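Peer 1:
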Amino acid sequence: MLGSVRRTLFGLLSLGVALRAQDAGTSGTASPKRTFKIEDGSFVQDGRPMRIFSGSVHYWRVPAGYWEHRLSMLQHMGLNTVETYVPWFLHEPAPGNFTTAGDLDVVGFLTVAHKLGLNVILRPGPYICAEVDFGGLPSWLLQQPDLQIRSSHEGYLAAVDRYFDWLVPLIAPLQYSLGGPIIAVQVENEYGKYGKDTAYLRHLQQKLVGGGVAELLFTCDFASADELADGALPGVLQAVN
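Position 139 of the sequence shown, counted from 1, bears residue number 139 in our numbering, the numbering being contiguous throughout.
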């Protein structure tokens, strides 16, 4: 009897040693890389085909205390993705004066979405429409009478660059490939309805990529052949409203 107990204890101890050795051997193993991309005309997330079922929640229109509730409601509808605009005019109410206070805590909102397991499509503008005055552009831009918005005009690009230089470092660490929720980022918004300055769109793309955005980029326009052509960028996914 005593020998049997000893053999059992020895077996358990041996098993414990083996498991600890196994843990030690695998603890340094890198986690599988998170990916979101397009393959053969389909979205593929972590190697598996997926469909995006998305709804909009504009964090700056919802009190921060209700973000988790609203996103949970979206999730209970069967959606797997939330999209949101980033309102330049609220985040930079005066030139060079940026804020993420209160309901403007964009990182906090993205963190809540991530906690719930939602993907995020981010639409940073600079023009967002969103049924707000001036399409979400700051009104102080109008203080420069010769400034040409949504174009390659030097004064406008200088303001956009300052905004993106502030925003992109905030959102880049929250990309899907880095463990965050952001799977895609939009370049401008419905630009084909406004202009055809491809150099301007290319500049925005370069600012995003240069700031570290490596996830899927896309444009979005109305279903008109001319508007889709004017709002397109080579190599960038085109989406239709």
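Just so it is clear, CB atoms sit at the ideal spot from N, CA and C, and this is done for glycine as well.
Remember, it's a predicted structure, so these values are computed and weren't measured experimentally.
With DSSP run on the structure shown, which of helix, strand or coil describes isoleucine 183?
Peer 2: Residue state, collapsed to three classes: strand.
Peer 1: What residue from Ala184, Asp161 and Gln45 has the CA that sits closest to alanine 172's CA?
Peer 2: Ala184
Peer 1: Bridge partners for lysine 37 per DSSP, in chain order?
Peer 2: Val44
Peer 1: On the DSSP letters alone, give me the boundaries of the beta strand (DSSP E) that arginine 123 sits inside.
Peer 2: 119-123
Peer 1: Can you give the Cα-Cα distance for alanine 158 and alanine 214, rounded to whole angstroms?
Peer 2: 23 Å
Peer 1: Could you spell out the range, first to last residue, of the alpha helix (DSSP H) harbouring tyrosine 66?
Peer 2: Here tyrosine 66 belongs to no alpha helix (DSSP H), and DSSP marks it neither H nor E.
Peer 1: Find the nearest neighbour of glutamate 188 within the set Thr198, Gly180, Pro181 and Ile182, judged by alpha-carbon distance.
Peer 2: Thr198
Peer 1: Count the other CB atoms, across all protein chains shown, that sit within 10 Å of the CB of phenylalanine 164; report buried if there are 16 or more and exposed otherwise.
Peer 2: buried
Peer 1: State the start and end residues of the unbroken beta strand (DSSP E) segment that holds glutamate 83.
Peer 2: 81-85
Peer 1: Going by the DSSP bridge assignment, what does alanine 94 pair with across the sheet?
Peer 2: Asn97
Peer 1: Alpha carbons only, please: which of Pro126, Ser72 and Ile121 is nearest the one belonging to valine 112?
Peer 2: Ser72
Peer 1: State yes or no: is the C-beta of proline 126 within less than 9 Å of the C-beta of valine 168?
Peer 2: Their beta carbons are not under 9 Å apart, which means proline 126 does not touch valine 168 by this criterion.
Peer 1: Taking only three categories from DSSP, how would you classify leucine 170?
Peer 2: In this structure, leucine 170 counts as helix in the three-state DSSP scheme.
Peer 1: Tell me where the beta strand (DSSP E) around glycine 108 begins and ends.
Peer 2: Counting along the chain, glycine 108 falls outside any beta strand (DSSP E), though it belongs to the alpha helix (DSSP H) covering 106-115.
Peer 1: Compare the beta carbon distance of cysteine 220 and glutamine 205 with 9 Å and say whether it is the shorter of the two.
Peer 2: no
Peer 1: Terminal residues of the continuous beta strand (DSSP E) containing aspartate 221?
Peer 2: In the DSSP annotation of this structure, the continuous segment of the beta strand (DSSP E) that includes aspartate 221 starts and ends at 216-221.
Peer 1: From arginine 150 to glutamine 175, what does the alpha carbon distance come to, in whole angstroms?
Peer 2: Approximately 26 Å between the Cα atoms of the pair.
Peer 1: Touch check for the segment 117-136 and the segment 70-89: three-plus C-beta pairs under 8 Å?
Peer 2: yes
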